[in-house]
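J.: First the structure, which I've put down as structure tokens, then a few questions once you've had a look.
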Amino acid sequence: MENSGKVVSSRREELDALRGIAAVVVLLHHVHWMWPPPWVLPDSLLLHTPLRMIATGRAPVLFFFVLSGYVLTLAVQRRKSFRMMDWYWRRTLRLCLPIAAGLLLSLLLYQICRHHPISHQLNPFFWRAQWGQAPTWEDWFEETTLLGDVTGQGYPLDAAVWSLTHEWRISLLLPLAVIWRRVWIPTILVSAIVSMVLIFSGEVAPDVTLGRGMLNGLAATLYFILFFAAGYALAVSGARLPKGRGIRIAAWLAVFAGCSIGRDSVVLVGACALILLVSDPASRSSRLLRGGIWQELGKISYSLYITHLPVFLAVVAWFGLFMPPLEVAGLSVVSAILVATVFFWLVEMPAHRLSQFHRKTIPRPALGGDMSSS
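So for the sequence shown, the numbering used here puts the first residue at 431; every next one is plus one.
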């Protein structure tokens with residue numbers, strides 16, 4: 431993607447803040463996932479209130495998908511010219527270089543920690559999903575290339591990479607959708623039909639993540655297109671929440687339901703409602719999200735998502751046997767944020783600058799015409 435002029439508007443601070451909040455929820459989910467702790471709340475609170483996001487961790491990831499579709503579409507629309515191959519190279523550099531470095535970090539931490547016994551208090555499901563078997567360079571290559579779970583063994587270096595596999599695949603299709611932006615309604619309808627067919631045919635489970643094997647993984651990607659397509663439709667259509675207190679209350683109720691009900695369709699509606707609520711610059715929720723800790727966490731959210739699981743396991747390996755679970759959990763979260771901050775400045779930002787350098791120095795033949803928003 432190339433810009434012959436300047437970008438029309440700057441980065442949206444409130445959307446960064448939402449990304450930061452979602453990243454923290456994912457962190458808390460994996461803290462909850464590590465132990466079956468004695469202080470755990472009753473199922474009625476964990477599964478039927480917004481705490482469900484921490485118990486299952488699925489809602490914030492689906493929200494990331496909707497938000498990515500929205501933000502990437504806005505970014506493409508703000509460009510005065512568009513170059514397809516440049517877009518692909520930039521996405522490759524910005525997504526895959528940090529992933530490759532994060533997986534190297536996981537491999538390094540495993541080598542450092544492999545002789546430390548894992549605490550018996552740790553949930554077996556957690557460490558079997560990651561570092562359950564000795565990760566290899568073949569695992570690093572498979573996860574770095576985002577090919578999916580080709581071997582059927584999961585992602586032993588970083589289980590969180592599953593969602594980035596889908597984001598990478600779907601982002602390759604996004605430029606085509608934006609070029610033909612007037613067909614956003616058929617795009618949504620086709621995506622919804624494909625998702626329902628995949629669910630009812632049994633090709634993907636209702637709670638699918640990565641999918642086992644290449645074909646099932648591609649079917650899972652087709653299912654998640656609906657969430658990116660919803661964000662894309664919000665951006666292309668220029669949707670705005672109608673004025674009125676009743677409308678805003680209904681939107682917040684949709685957000686509450688999306689956080690509390692274990693249905694992907696409800697999460698989808700809630701995610702769209704939340705984006706609409708904060709997209710109005712004059713709204714109170716938008717003003718509250720600008721600046722502060724949430725925006726800072728949003729800035730490092732990608733680095734945090736990539737690195738937090740290996741850091742959690744390293745902390746557990748070193749301290750899990752002689753520190754109480756609550757203290758280990760707190761140390762894990764603090765360590766993950768510190769490592770993500772360093773990773774952001776040493777890896778993610780250089781990858782971003784490299785993608786900008788590529789855009790400036792490697793010309794590509796332009797496709798389509800004027801990509802300014804209508």
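C-beta atoms are modelled at their ideal positions from N, C-alpha and C, and glycine is treated no differently.
Of the choices 708, 587, 647, whose alpha-carbon is the least far from that of residue 445?
T.: Ranking the options by Cα distance to residue 445, first place goes to 708.
J.: Cα-Cα, which of 508, 533, 560, 498 is closest to residue 600?
T.: When each option's Cα is compared against that of residue 600, the closest is 498.
J.: When the Cα of residue 591 is compared with those of 765, 740, 758, 767, which residue comes out closest?
T.: The residue with the shortest Cα to Cα distance from residue 591 is 740.
J.: Which one of 688, 746, 692 has the shortest CA to CA distance from residue 545?
T.: The option with the nearest alpha carbon to residue 545 is 746.
J.: Would you mind working out which of 734, 660, 508 sits nearest residue 774, comparing C-alpha positions?
T.: Checking every option, the nearest Cα to that of residue 774 belongs to 734.
J.: Using only alpha-carbon positions, find the residue among 575, 647, 540, 576 that is nearest to residue 563.
T.: Of 575, 647, 540, 576, the residue nearest in Cα terms is 540.
J.: For residue 669, does the three-state DSSP call read helix, strand or coil?
T.: Residue 669: coil per DSSP, three-state reduction.
J.: So, with DSSP's three-state summary, where would you put residue 805?
T.: Absent from the model: residue 805. The displayed extent of the chain is 431 to 804, so no value can be given.
J.: Is any beta-carbon of chain B found at less than 8 angstroms from that of residue 780?
T.: Of the protein chains in this structure there is only one, and it is not chain B.
J.: Measuring only the C-alpha atoms, how far is residue 762 from residue 742?
T.: Whole-angstrom Cα-Cα distance: 5 angstroms.
J.: According to DSSP, is residue 561 part of a helix, a strand, or is it coil?
T.: Looking at residue 561 - three-state DSSP - the assignment turns out to be coil, as it is neither helix nor strand.
J.: As a quick exercise: from 770, 690, 752, 504, pick the residue whose alpha carbon is nearest that of residue 728.
T.: The shortest Cα separation from residue 728 among 770, 690, 752, 504 belongs to 770.
J.: Would a C-beta distance cut-off of 8 angstroms place residue 448 and residue 768 closer than the cut-off?
T.: Result no, Cβ atoms of residue 448 and residue 768 do not sit closer than 8 angstroms.
J.: Start and end of the alpha helix (DSSP H) containing residue 590?
T.: Where residue 590 is concerned, there is no enclosing alpha helix (DSSP H), given that its DSSP letter is neither H nor E.
J.: Where do the N-terminal and C-terminal ends of the alpha helix (DSSP H) with residue 478 fall, by residue?
T.: Element bounds for residue 478: n/a, residue is neither H nor E.
J.: Mind checking whether residue 669 and residue 703 have CB atoms under 8 angstroms apart?
T.: For residue 669 and residue 703, no; Cβs fall outside 8 angstroms.
J.: Find the nearest neighbour of residue 454 within the set 726, 787, 777, judged by alpha-carbon distance.
T.: The shortest C-alpha separation from residue 454 is found at 726.
J.: Using only CA atoms, which one of 589, 730, 716 lies nearest to residue 537?
T.: Checking every option, the nearest Cα to that of residue 537 belongs to 589.
J.: Cα separation between residue 458 and residue 484?
T.: Those two C-alpha atoms are separated by around 6 angstroms.
J.: Which residue wins for smallest C-alpha separation from residue 675, given the options 714, 777, 518?
T.: That would be 714, whose Cα lies nearest to the Cα of residue 675.
J.: Short of 6 angstroms in beta carbon distance, which residues of its chain neighbour residue 604, apart from the five on each side in sequence? Order them along the chain.
T.: Within the same chain, residue 604 has close Cβ partners 502.
J.: Among 656, 491, 587, whose alpha-carbon lies nearest the alpha-carbon of residue 744?
T.: Taking only the C-alpha atoms, the option nearest residue 744 is 587.
J.: State the start and end residues of the unbroken alpha helix (DSSP H) segment that holds residue 701.
T.: It spans 694 to 709 - the alpha helix (DSSP H) in which residue 701 sits, taken as one unbroken run.
J.: For residue 753, which three-state DSSP category applies?
T.: In this structure, residue 753 counts as coil in the three-state DSSP scheme.
J.: Is the distance from the Cβ of residue 692 to the Cβ of residue 479 below 8 angstroms?
T.: Contact: no.
J.: Measure the C-alpha to C-alpha separation of residue 731 and residue 450 and round it to an integer number of angstroms.
T.: Roughly 6 angstroms between the two C-alpha positions.
J.: Thinking C-beta only, is residue 766 closer than 8 angstroms to residue 737?
T.: Cβ distance < 8 angstroms, so residue 737 and residue 766 count as in contact.
J.: Starting from the Cα of residue 493, find the closest Cα among 530, 655, 576 and give me that residue.
T.: Checking every option, the nearest Cα to that of residue 493 belongs to 655.
J.: Helix, strand or coil for residue 735? Go by DSSP, reduced to three states.
T.: It is helical.
J.: Which residue's Cα is closest to the Cα of residue 504: 543, 754, 667?
T.: The shortest C-alpha separation from residue 504 is found at 667.
J.: Relative to the C-alpha of residue 482, which candidate in 688, 781, 723, 574 has its C-alpha closest?
T.: Among 688, 781, 723, 574, the Cα nearest to that of residue 482 is on 688.
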